[in-house]
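Some notes on the structure that comes next.
In the working numbering, the protein residues as written are 117 to 196.
Rendered as structure tokens:
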């Protein structure tokens, strides 16, 4: 059995970013950057470098910031 010590809501924050990226609501580059940040926060929580509360606050701020940015058209030629 795989042991995870972080809160499941950290995984939920990743899914929020992925869903908004897939829908076009969030610019792909912003989503990738914030996803990497949330994954890093999750690793730090798993390693007990950050407390659960610190990890939740950091991940929540990343998602909130990403969603607060204005929508800009992407430079893409094919649909996702």
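Yeah, the Cβ is synthetic: ideal placement off N, Cα and C, and Gly gets one too. Values in this document were obtained by computation on a predicted structure and should not be read as measured data.
| Whose C-beta lies closer than 7 Å to the C-beta of residue 137 among residues of the same chain, with five residues either side of it excluded? | Reading the chain shown from its first residue, position 21 is the one you call residue 137. Only 144 and 147 meet the Cβ criterion.
| said: So for residue 187, helix, strand or coil by DSSP? | reply: By one-based count along the chain shown, residue 187 stands at place 71. Assigned with DSSP and collapsed to three states, residue 187 falls in coil, not helix or strand.
| said: Using CA atoms only, rank isn't needed, just tell me which of 156, 160, 172 and 150 is closest to residue 134. | reply: Residue numbering aside, residue 134 sits at position 18 when the chain shown is read from its first letter. Ranking the options by Cα distance to residue 134, first place goes to 150.
| Roughly how many angstroms separate the alpha carbons of residue 153 and residue 159, rounded to a whole number? | Against the chain shown, residue 153 aligns to sequence position 37. Against the chain shown, residue 159 aligns to sequence position 43. So the alpha carbons of these two residues sit roughly 10 Å apart.
| Run of the alpha helix (DSSP H) containing residue 155, from where it starts to where it stops | Numbered from its first residue, the chain shown carries residue 155 at position 39. Looking at the DSSP string, the run of the alpha helix (DSSP H) that includes residue 155 is 144 to 162.
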